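Okay, structure first, notes after.
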Amino acid sequence: MPRGGALPLGTCPDLCPATERAEREQQRRLHRLEAAPARAVKEYARPAAGKARPPPSQLRPPRVLLATVRYLAAEVAGRVDVPAADVTAFVWDRLRAVRLDLLLQPAAPPPDAVAVLEAALACQLCVAGPSGGGPARYPDTGLDPQLLHAQMQEAFGSLRRCYADTPGPEAHPRQGFFQGLFLLYNLGSVEALHQILLLPRGLRSCPALCQALAVDAAFREGNAARLFRLLRALPYLPSLAVQRHVGPARSRALAALARALGVPTGQSYPLAHLARLLAMDSLAETRALCQAHGLDVEGEAGEERALFVRGHFSENAPIPALSCSLLVNSKLRGQTLEQVVMGEAAGDLAAGAGDGVEVTADLPQPEQEAEEAQLRTPR
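Counting in full-length UniProt numbering, the sequence shown tops out at residue 379, every number present.
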């Protein structure tokens, strides 16, 4: 975040400037989530070329921006009486306005700017991720997944530039955690890994970033057995960041099994074991995933087995929409989205699903090693 003392901070005390609220009310452009005037939140307006900077009365200072993010997390992000697509679109637009207000106040103290950007990014992840697919869940609502992905990268970029302006782990205590979120969101990206490896050694050694680096290594190596053990141990917010990679990772694991087990006459694999291995929520979802990739499932309920026949695996099959209770939603553990977003949750580095037991913990060690070898995708 650039700093220049010549420009004053904003003075607007409300979530939305009174002039904008009155104008949108008159034009009947208040969103359904802004039914009460006091609930209006400043909307994003792209800065026009040559247009003068808004006066301080139209800009919210950092403390109001932080209060705005808190309001969105506490009162809007978890709404179930409004379609999820509407909540996502509304919150992402208002968070974009938060970042723009902050950008127009380069004199904002770096710690205050970082606090706003960290909370805004966390809120963005919470809205995009909890139901198992992010923006791509809404193909018929006008939400463009590529645009929202670009906005997420923009949010990470703003925060990481702000960190770079005042280097040192003591300046921003949660930097390692959010750098880890950046790597998890961009899992498998050579450029993202390169940027992380350029960070100071002391920062890279923080537990959250070490955890993210381990996940990235397992993903990059195609070691699905280790990857899903690590994913189960991630806390809630990192699980949201990495969630978009879970479906492709499961498909890669099935492809590895198809190469290892596929014979002309077919070789079977216990469905329940596969569900544990891939951290699936249910046998029904495991069956659906197998069938989507062209694999037959045989046997009676409780004894079902996936049948791997050479040449029957469909590599490019559409991944079915699956829930993510085990890998994501269960990790809230009674905490509110407000607590998660504002960094008030009990331990960002707490264990993940259940008690953190490895998904293959019920297997003898030699079988675990053999299974990891089967599931390791050739690179």
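All C-beta atoms in this analysis are idealised placements derived from N, C-alpha and C, irrespective of residue type, glycine included. Because the structure is a prediction, the values reported are computed rather than measured.
What residues are listed by DSSP as bridge partners for residue i?
i	result
E298	R305
V69	Bridge partners of V69: none, in fact.
P270	R305
V263	V309
Let me confirm a value: residue i is counted as buried when at least 16 other C-beta atoms fall within 10 Å, else exposed. Which label applies?
i	result
C16	buried
H194	exposed
L257	buried
V114	buried
V98	buried
T88	buried
R46	exposed
R201	exposed
T19	exposed
S205	exposed
V69	buried
P264	exposed
K42	buried
D144	exposed
E23	exposed
C290	buried
G10	buried
L209	buried
G188	exposed
R96	buried
P235	buried
G356	Caution applies to G356, whose pLDDT of 34 falls short of 50 and renders its modelled position unreliable; the value that the coordinates give is listed next. So G356 counts as exposed.
G134	Low per-residue confidence applies at G134: pLDDT is 40, beneath 50, and the placement is therefore not dependable enough to give any value.
D362	For D362, the pLDDT reaches just 37, beneath the cut-off of 50, and the residue's location in the model is therefore unreliable, although a value from the coordinates is still provided. By the neighbour-count rule (16 or more Cβ atoms within 10 Å), D362 is not buried but exposed.
Of the residues the options, which one's Cα is nearest the Cα of residue i?
i	options	result
L199	L240, G188, G180, A107	G180
residue 385	R201, L184, C210	The requested residue 385 is not part of the displayed model; the chain covers only 1 to 379.
A249	D14, L231, P235, V263	L231
A107	P61, E300, Y163	P61
R174	R99, L59, E118, V263	E118
P8	F90, T68, R46, P109	P109
E34	A192, V91, V116, H149	V91
D237	R21, S205, A52, V341	In the sequence as presented, Asp is not what sits at residue 237; that position holds Leu. Minimum Cα distance to L237 is reached at V341.
residue 397	L104, L240, P270	In the structure displayed, the chain extends from 1 to 379; residue 397 sits before or after that span and is not available.
D101	L197, E221, R21, S57	S57
D14	L59, G188, E25	L59
D81	D216, I196, R32	R32
Y163	A150, F182, P145, E43	F182
R226	P111, L278, G343	L278
A150	T336, A212, N186	N186
Q243	V127, Y44, A77	V127
D112	H172, L197, F178	H172
P318	E154, N329, A288	A288
May I have the straight-line CA-CA distance separating residue i from residue j, to the nearest angstrom?
i	j	result
T141	L147	Its pLDDT being 47, under 50, T141 is placed unreliably in this model, and the value from its coordinates should be taken loosely. T141 and L147: Cα-Cα distance of roughly 13 Å.
G262	A253	13 Å
D93	L66	15 Å
R379	R53	With a pLDDT of only 42 at R379, under the threshold of 50, the placement of this residue in the model should not be trusted, and no figure is reported.
residue 381	F156	The question about residue 381 has no answer, for the chain in this structure spans 1 to 379.
A351	T166	The pLDDT assigned to A351 is 39, lower than 50, so where the model puts this residue is not dependable; a value taken from the coordinates is nonetheless given after this. Using only the alpha carbons, I get a separation of about 31 Å.
P320	P270	21 Å
R333	G176	23 Å
A233	R21	44 Å
Q27	V190	48 Å
R259	G266	12 Å
V116	E170	18 Å
C12	R63	10 Å
A49	Q105	18 Å
E25	L337	29 Å
L307	L103	55 Å
Q335	R160	27 Å
D216	L203	17 Å
S251	A224	10 Å
R276	P83	32 Å
L274	R29	50 Å
A345	E221	32 Å
Q158	K51	Strictly speaking, residue 158 in this sequence is Ser, with Gln absent from that position. Their Cα atoms are separated by approximately 22 Å.
P55	T286	56 Å
A192	S268	38 Å
G78	V246	23 Å
F178	A212	10 Å
residue 411	D86	In the structure displayed, the chain extends from 1 to 379; residue 411 sits before or after that span and is not available.
Q153	E298	43 Å
Would a check of beta-carbon distances place residue i closer than 8 Å to chain B?
i	result
L102	In the structure shown, chain B cannot be found, because there is only a single protein chain.
Three or more C-beta pairs below 8 Å linking the region 109 to 123 and the region 67 to 78 = Cβ pair count under 8 Å is three or more, so yes.
Report yes or no: do the region 265 to 285 and the region 307 to 327 share at least 3 C-beta pairs separated by less than 8 Å?
-> They touch, by the three-pair rule.
Spell out a yes or no on whether the region 38 to 55 and the region 299 to 309 are touching, meaning 3 or more CB-CB pairs, one atom from each, closer than 8 Å.
-> Pairwise C-beta distances place the region 38 to 55 out of contact with the region 299 to 309, as fewer than three of them are shorter than 8 Å.
Cβ contact check for the region 312 to 321 and the region 288 to 296: 3 or more pairs under 8 Å = Output reads yes: the region 288 to 296 touches the region 312 to 321.
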